[in-house]
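Same order as they appear, the protein sequences are chains A and B. For the first sequence, position 247 matches number 252 in the working numbering, and the numbering has no gaps at all. For the second sequence, position 67 matches number 73 in the working numbering, and the numbering has no gaps at all. Cβ coordinates follow ideal geometry from the N, Cα and C atoms, glycine included. Worksheet: one structure, shown below.
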Amino acid sequence: MTLLDDFLVRATLAGLGLVMAAAPLGCFVVWRRMAYFGDATAHAAILGVALALAFDTSVFGGVLVVSLLMAFTVSTLSNRGYAMDTLLGVMAHSALAFGLVAVSFLQGVRVDLMAYLFGDILAVGIADLAVIWGGAALVIALLWWRWSALLTATLNPDLAYAAGIDPRREQLVLTLALALVVAVAIKVVGVLLIAAMLIVPAATARPFAGTPERMALAATIIGAVSVIGGLQASLVWDSPTGPSIVCVAAILFVLSSAVRGLLGNSRG
Amino acid sequence: MSLVEISGLNVQLGGNTVLHHVNLHINAGEIVTIVGPNGSGKSTLLRAIIGAVQPSSGTITRKPGLRLGYVPQKLHIDPTLPMTVRRFLDLPIRVSDATAEAALADAGAGALTGRQMSGLSGGQFQRVLLARALLSRPELLVLDEATQGLDQPGSAAFYQKIADVRDHLGCAVLMVSHELHVVMAASDRVICLNGHICCQGEPEHVASAPEYRALFGTGTGGALALYRHEHGHNHDHDHDHDHEAAE
Numbered sequence: 006m007t008l009l010d011d012f013l014v015r016a017t018l019a020g021l022g023l024v025m026a027a028a029p030l031g032c033f034v035v036w037r038r039m040a041y042f043g044d045a046t047a048h049a050a051i052l053g054v055a056l057a058l059a060f061d062t063s064v065f066g067g068v069l070v071v072s073l074l075m076a077f078t079v080s081t082l083s084n085r086g087y088a089m090d091t092l093l094g095v096m097a098h099s100a101l102a103f104g105l106v107a108v109s110f111l112q113g114v115r116v117d118l119m120a121y122l123f124g125d126i127l128a129v130g131i132a133d134l135a136v137i138w139g140g141a142a143l144v145i146a147l148l149w150w151r152w153s154a155l156l157t158a159t160l161n162p163d164l165a166y167a168a169g170i171d172p173r174r175e176q177l178v179l180t181l182a183l184a185l186v187v188a189v190a191i192k193v194v195g196v197l198l199i200a201a202m203l204i205v206p207a208a209t210a211r212p213f214a215g216t217p218e219r220m221a222l223a224a225t226i227i228g229a230v231s232v233i234g235g236l237q238a239s240l241v242w243d244s245p246t247g248p249s250i251v252c253v254a255a256i257l258f259v260l261s262s263a264v265r266g267l268l269g270n271s272r273g
Numbered sequence: 007m008s009l010v011e012i013s014g015l016n017v018q019l020g021g022n023t024v025l026h027h028v029n030l031h032i033n034a035g036e037i038v039t040i041v042g043p044n045g046s047g048k049s050t051l052l053r054a055i056i057g058a059v060q061p062s063s064g065t066i067t068r069k070p071g072l073r074l075g076y077v078p079q080k081l082h083i084d085p086t087l088p089m090t091v092r093r094f095l096d097l098p099i100r101v102s103d104a105t106a107e108a109a110l111a112d113a114g115a116g117a118l119t120g121r122q123m124s125g126l127s128g129g130q131f132q133r134v135l136l137a138r139a140l141l142s143r144p145e146l147l148v149l150d151e152a153t154q155g156l157d158q159p160g161s162a163a164f165y166q167k168i169a170d171v172r173d174h175l176g177c178a179v180l181m182v183s184h185e186l187h188v189v190m191a192a193s194d195r196v197i198c199l200n201g202h203i204c205c206q207g208e209p210e211h212v213a214s215a216p217e218y219r220a221l222f223g224t225g226t227g228g229a230l231a232l233y234r235h236e237h238g239h240n241h242d243h244d245h246d247h248d249h250e251a252a253e
């Protein structure tokens, strides 16, 4: 276990675990234009943190439950023809606000709020690693199992129905996976930056991919590079680690866009 | 037995009754076309048949194990989703290269395998959609205004392709169309829909029915006249109503 004694090794493994789940899921978030949906789910997580601390249960469990509730609520409302961006704007930020207020009521518990808002990847322990990799494995298994049905439902709900696939069920699968990723990611990048880990690698991968599978693979590699690069950068410049990871991802996105511009828009 | 048997179908969407008391059956090998004004429930009827809309009452009975091919009205593929034609044909069930090639050839989209879906022209896109619908060797092919966005020669070629496919595969075809002239020339049976079935039968019968004329105007013999009339018109057209207004 000597290798895992090194905090940097643990941090790297935690980040890679998150990326393995977040990158392919993030592709679906991008394809289905659910970016704000991811935000709303993530922001609700801080309320989950507060409740978990108040009831003295595991933070992972609290976050998972509240994120799931939020995701299901949004998912249900989205099928009823509300103006989605407004609705999500209301829900994402009110969930965050209620969460922050709830945390402030917690007496006797010293809560490092920053750790939940921006993550604390350098403090990941062996138990955290088990949770992160367990959650990530579950998400990967879900996506692997439903991949073809998810893609069909993403293309067009009626095509899915005609092939005997219920697109509402596939939406639930994505919702569940999203809540899991949020619960896993909170320790790594924190609630404010989870959506970035979903979207930025996927968007960066787009110009280099001809099929959905290649895009998911490329997003995973780009995410992994971001994690390793961000960790190193935060060591060198003593910058906060979670944001550093997202910064590296953002720089890669800019580079990818530049390459795309050079290639011309031949890929569409 | 019929491929699809619909009896007493009512569908409500958002509190509005879109379809009421629809009785319909589709037999093996026939081409049935649904015509009707905008908002008459044509797409809803097709979506009920493929299972995307639940009836509020009535029944839709499909032949057990019915193989269904569906070509949607318009398929928007988000530009962020990379998708080659070949990969598209693998959704949701992977098929062999030989099967994919054969379906593309049947649909008249032979050389498109490696192309990105987003880079196809409207006509090529619809042919690829048709190819995908053919993969399951359908007994019933369902098309929802599949030629929207195609110019007139393009849509005429597309309907010719569908007639070829029917002769080749022996499948039944159920389609919605705005293009009355094509409908009248290519269908075995026409159903005139406006929330309920106004009239149905052979094209000539429907074209002369008073219910049909009430919806599409009396003109000089309805759509058959339009069909002849259209040869002189090569400019862009939306609906046949425009031509009637010009008469």
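| query | If you draw a straight line from the alpha carbon of alanine 229/A to that of valine 106/A, how long is it in whole angstroms? | reply | Inter-residue distance for alanine 229/A and valine 106/A is about 35 Å (C-alpha atoms, whole angstroms).
| said: Please give the ranges of any alpha helix (DSSP H) in the stretch 89 to 119 of chain A, keeping only runs that are unbroken, at least 4 residues long and fully inside the region. | reply: Within the stretch 89 to 119 of chain A, the complete alpha helix (DSSP H) segments at least 4 residues long are 89 to 110, listed from N- to C-terminus.
| In three-state DSSP terms, what is aspartate 125/A? | Coil at aspartate 125/A, not helix or strand.
| Using the beta-carbon count (16 or more within 10 Å), is tryptophan 36/A buried or exposed? | Buried, by the Cβ-count rule.
| query | Excluding five sequence neighbours on each side, which residues of the same chain lie with their C-beta closer than 8 Å to the C-beta of isoleucine 1/A? | reply | The first residue shown for chain A is 6 and the last is 273, placing residue 1/A beyond what the model contains.
| field | DSSP bridge partner residues for leucine 146/B (one or two, in chain order) | value | The partner list for leucine 146/B (beta bridge, DSSP) reads Leu74/B and Ala178/B.
| said: On a Cα-Cα basis, can you pick out the residue from Pro162/A, Ala55/A, Ala142/A and Leu267/A that is closest to valine 116/A? | reply: Selection Pro162/A, Ala55/A, Ala142/A and Leu267/A evaluated against valine 116/A yields Ala55/A as nearest (Cα-Cα).
| Which of the residues in the stretch 68 to 96 of chain B, read from start to end, lie with their CB under 7 Å from any CB of chain A? | Going along the stretch 68 to 96 of chain B in chain order, one finds Leu74, Tyr76, Pro78, Leu81, Ile83, Asp84, Pro85, Thr86, Leu87, Pro88, Met89, Thr90 and Arg93 with a Cβ nearer than 7 Å to chain A.
| task | Determine whether the Cβ of proline 98/B lies closer than 8 Å to any Cβ atom of chain A. | result | Contact of proline 98/B with chain A is assigned, a C-beta pair being separated by under 8 Å.
| field | For glycine 64/B and alanine 109/B, the rounded distance between their alpha carbons | value | Just so you know, the alpha carbons of alanine 109/B and glycine 64/B end up roughly 36 Å apart.
| message | Which residue wins for smallest C-alpha separation from glycine 201/B, given the options Asn44/B, Leu126/B, Leu9/B and Leu146/B? | response | For the residues Asn44/B, Leu126/B, Leu9/B and Leu146/B, the minimum Cα distance to glycine 201/B belongs to Asn44/B.
| query | What residues in the stretch 33 to 57 of chain A bring their beta carbon closer than 8 Å to a beta carbon of chain B? | reply | Answer in chain order: Val35, Trp36, Arg37 and Arg38.
| said: Just verifying my parser: in three-state terms, what is the DSSP assignment at isoleucine 191/A? | reply: Here DSSP, grouped into helix, strand and coil, assigns isoleucine 191/A to coil.
| Close beta carbons around phenylalanine 94/B, own chain, < 8 Å, minus the five adjacent residues each side | Same-chain partners within the cutoff: Met123, Val134 and Arg138.
| field | Segments assigned beta strand (DSSP E), at least 3 residues, entirely inside the stretch 46 to 122 of chain B | value | Runs found: 63 to 68 and 74 to 77.
| message | Just to confirm, is the Cβ distance from alanine 178/B to glutamate 11/B under 8 Å? | response | No, the Cβ-Cβ distance between alanine 178/B and glutamate 11/B is not below 8 Å.
| query | Under three-state DSSP, which class holds serine 13/B? | reply | In the three-state scheme derived from DSSP, where H, G and I count as helix and E and B as strand, serine 13/B is classed as strand.
| Taking Cβ-Cβ distances shorter than 8 Å, what residues in chain D pair up with glycine 57/B? | In summary, chain D is missing from the structure at hand, where the protein chains are A and B.
| field | Endpoints, the alpha helix (DSSP H) within which arginine 37/A is located | value | Counting along the chain, arginine 37/A falls outside any alpha helix (DSSP H), and DSSP gives it neither H nor E.
| query | Hey, quick one: how far does the alpha helix (DSSP H) through leucine 164/A stretch, first residue to last? | reply | Taken as a continuous stretch (DSSP letters only), the alpha helix (DSSP H) holding leucine 164/A covers 162 to 167.
| field | At least three beta-carbon pairs within less than 8 Å, the stretch 174 to 188 of chain A to the stretch 98 to 112 of chain A | value | No, the stretch 174 to 188 of chain A does not touch the stretch 98 to 112 of chain A.
| field | Range of the contiguous beta strand (DSSP E) that encloses glutamine 206/B | value | In the DSSP assignment, glutamine 206/B falls within the unbroken beta strand (DSSP E) covering 203 to 207.
| field | Collapsed DSSP secondary structure at histidine 184/B in the structure displayed | value | Here histidine 184/B carries a coil assignment [DSSP, helix/strand/coil].
| request: Return no unless some Cβ of chain A is closer than 8 Å to the Cβ of glutamine 130/B. | output: Cβ-Cβ to chain A under 8 Å: no for glutamine 130/B.
| field | Close beta carbons around alanine 208/A, own chain, < 7 Å, minus the five adjacent residues each side | value | Listed in chain order, the non-local C-beta contacts of alanine 208/A below 7 Å within the same chain comprise Val35 and Phe258, local neighbours out to five positions each way being set aside.
| field | Inside the stretch 127 to 162 of chain A only - alpha helix (DSSP H) runs reaching at least 4 residues | value | The stretch 127 to 162 of chain A contains these whole alpha helix (DSSP H) runs: 131 to 160.
| field | Cβ-based neighbour list, leucine 198/A, same chain, cut-off 6 Å, excluding 5 preceding and 5 following | value | The residues are Gly247 and Val251.
| field | Neighbourhood of serine 161/B by C-beta, 8 Å cutoff - its chain only, sequence neighbours within 5 removed | value | Cβ within range, chain order: Thr153, Glu185 and Val188.
| Test item: CB-CB of glycine 128/B and glycine 155/B under 8 Å | Closer than 8 Å, so yes.
| What are the start and end residues of the beta strand (DSSP E) that includes leucine 141/B? | Counting along the chain, no beta strand (DSSP E) covers leucine 141/B, and no H or E run does either.
| So what does glutamine 130/B bridge to, in DSSP terms? | Glutamine 130/B has no beta-bridge partner at all, per DSSP.
| request: Confirm, please, whether the CB-CB distance from alanine 76/A to alanine 188/A is below 8 Å. | output: Pairing alanine 188/A with alanine 76/A gives a Cβ-Cβ distance that is not under 8 Å.
| If you count every other CB in all the chains shown that lies within 10 Å of the CB of glycine 21/B, and 16 or more means buried, which is it? | In this structure glycine 21/B is exposed. Its beta-carbon is surrounded by fewer than 16 other beta-carbon atoms within 10 angstroms.
| query | Do you know offhand how far valine 101/B's Cα is from tyrosine 218/B's? | reply | Each residue's alpha carbon lies about 43 Å from the other.
| When we look at the beta-carbon of valine 196/A and count the other beta-carbons within 10 Å, is it buried (16 or more) or exposed? | Classification for valine 196/A: buried.
| message | For a contact defined as C-beta to C-beta under 9 Å, what are the partners of proline 162/A on chain B? | response | Identification of chain B residues near proline 162/A by a Cβ-Cβ cut-off of 9 Å yields Ala58, ordered along the chain.
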